[in-house]
Amino acid sequence: MQSVFSGDIEVSIVKGGQEIARVVRPLRETTAGPVIRFKRQFWRVANGIVYIDSGPVRDEAGTAHPAIEEDEEDLLQKAVITANASARLLVDAGPGTGKTFVACSRVAALIRNGTPPSRIWLISFTRTAIQEIRNRLESYLDEPSDAAAVKIATLDSHAWSIQSGFSSTTKLTGSHDDNIRSTLAQVLEDEDVREYLGRVGHLVVDEAQDITGDRASLVLAMIDTIDEDCGVTVFCDQAQAIYGFTEESSGREDNKIFIDELEQRQFEPHELRKVHRTSDPALLKIFTDVRQQVLDKRLSTARKTELVSSSIRELAAKQSGKSWELDMAGVPQNSLVLVRQRADVLAISAKNSAVPHRLRMSGLPPRILPSFAQLFWDFTRGCYVLSCLIGAVMRDGTCTQTVSL
941 MQSVFSGDIE VSIVKGGQEI ARVVRPLRET TAGPVIRFKR QFWRVANGIV
991 YIDSGPVRDE AGTAHPAIEE DEEDLLQKAV ITANASARLL VDAGPGTGKT
1041 FVACSRVAAL IRNGTPPSRI WLISFTRTAI QEIRNRLESY LDEPSDAAAV
1091 KIATLDSHAW SIQSGFSSTT KLTGSHDDNI RSTLAQVLED EDVREYLGRV
1141 GHLVVDEAQD ITGDRASLVL AMIDTIDEDC GVTVFCDQAQ AIYGFTEESS
1191 GREDNKIFID ELEQRQFEPH ELRKVHRTSD PALLKIFTDV RQQVLDKRLS
1241 TARKTELVSS SIRELAAKQS GKSWELDMAG VPQNSLVLVR QRADVLAISA
1291 KNSAVPHRLR MSGLPPRILP SFAQLFWDFT RGCYVLSCLI GAVMRDGTCT
1341 QTVSL
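Okay, so the sequence shown: first residue is 941 according to my numbering, each after it adds one.
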């Protein structure tokens, strides 16, 4: 039975009329209909629900399918997820290629195959990425409670934990950079710290493209200190590097030095290529062809800027003009409009108050607390529909979060 991935979906698992779990899984379109994998078998999905009592997907002979035929791109993900626990992998993953899914599935596979959750360390660059992984990991585990034992934190948090646990002179007033340098010295010189790191069972490093300078030195020192049988899985996307140049790097890409060091340590290269985030041809070209322009080492920075800007203008559905002049009535349903500043989001929303839409803004909760209705009672009328993400205005014709004023 062949299948095609259609992206991740949140599914309710129901048994005996009761919801027993809520999981996030890749949705597969098959000849048997949409299915997901759960407990090592495949189940039909109906309106976001899997009914366990109906049994797993079976073939014409009545045999439950232990697996569904996967295409080459799916096998690229599987190769990372199912790699040996002691493997050291360098995974190049562009946007929309399922990096978070693969990272969570990798951790779940490690736990399923005997690696204690408390011995798995996961390092990421931002608190936002850490929170996303932490929220999603539970749904990938056979025992959701195992997620709490996995040590998931930013590199600065891991460094502070090591420093405060093994140094009597730790200072709360030190800068983040001082904290990193002090921890690096401990990893290189303190035998107790080195013994502690020797207990790590598997290290997962996310967003490696943004690990530079002393932070890169610290991660490399940790990799060199952990046991030789301890696996390491590193995810990176050099096209998204936001700290690629430093004053000390003299024009050389500082993040590339870190990747070079991993390659010299014989990390096994892997690549996730298939974009699951969109099926729009123009967007796919941005995620693939334009990304290759960014990564082309033969091009100067000025030339890359020229090519990428030209490609984005060419592939854009249309030029929207000034953000505050946008007429949402002319925007198709299910459209997402990204803007740079929150002020622009609010300006667009105010201008288009008669058009149903939702606001998604970073740093805000997914719903408005009832107390805000009382606070702004004298200044508002009608119904505001608000939600949360990254400074975007979405129009889909639905009002899922409402506050009556």
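Quick reminder that beta carbons are idealized off the backbone N, C-alpha and C, glycines included.
query	result
Between the C-alpha atoms of Ala961 and Pro1056, what's the straight-line distance to the nearest angstrom?	22 Å
Rounded to whole angstroms, what's the CA-CA distance from Val1343 to Ala1283? Just pull it up for me.	Residue placement at Val1343 is poorly supported in this model, since its pLDDT is 31, which falls under 50; the coordinates still yield a value, given next. Computed Cα separation, rounded: 21 Å.
Give the range of the alpha helix (DSSP H) segment to which Pro996 is assigned.	Element bounds for Pro996: n/a, residue is neither H nor E.
Contact check, Ala1361 vs Leu1081 under 8 Å by CB: the rounded distance?	What is shown of the chain runs 941 to 1345, which leaves residue 1361 out entirely.
Helix, strand or coil for Gln981? Go by DSSP, reduced to three states.	strand
Taking DSSP's pairing of strands, which residues face Glu950 in a bridge?	Val964
Buried or exposed for Arg1280, please, with buried defined as at least 16 other CB atoms from any protein chain shown within 10 angstroms of its CB.	exposed
Excluding five sequence neighbours on each side, which residues of the same chain lie with their C-beta closer than 7 Å to the C-beta of Ala1025?	Leu1050, Asn1053, Thr1055, His1142, Gly1171
Answer with buried or exposed for Cys1044, where buried requires no fewer than 16 other C-beta atoms within 10 angstroms of its C-beta.	buried
Since Leu907 and Leu1124 should fall inside the 8 Å C-beta cutoff, what is the C-beta to C-beta distance between them, to a whole number of angstroms?	In the structure as shown, the chain begins at 941 and stops at 1345. Residue 907 is therefore absent and cannot be evaluated.
Which same chain residues, not among the five before or five after Phe1207, have their C-beta less than 8 Å away from its C-beta?	Arg1028, Leu1029, Leu1030, Val1172, Val1174
Using a threshold of 6 Å, is the CB atom of Ser1249 nearer than that to any non-hydrogen atom of the ligand COA?	By its list of ligands, the structure shown contains no ligand whatsoever, and the ligand COA lies outside what it can speak to.
Would you check if the distance between the CB atom of Ala1179 and the CB atom of Val1133 is smaller than 7 Å?	no
Buried or exposed for Arg1046, please, with buried defined as at least 16 other CB atoms from any protein chain shown within 10 angstroms of its CB.	buried
Whole-angstrom Cβ separation of Ser1079 and Val963, contact assumed at under 8 Å?	4 Å
Put Ala1313 into one of helix, strand or coil per three-state DSSP.	helix
Check whether the region 1056-1070 and the region 1080-1094 touch, using three or more Cβ-Cβ pairs below 8 Å as the test.	yes
Which whole-angstrom value describes the C-beta separation of Ala1148 and Asn1119, a residue pair presumed to lie in contact below a C-beta threshold of 8 Å?	Between Asn1119 and Ala1148 the Cβ distance is about 20 Å, and since that is not below 8 Å, they are no contact.
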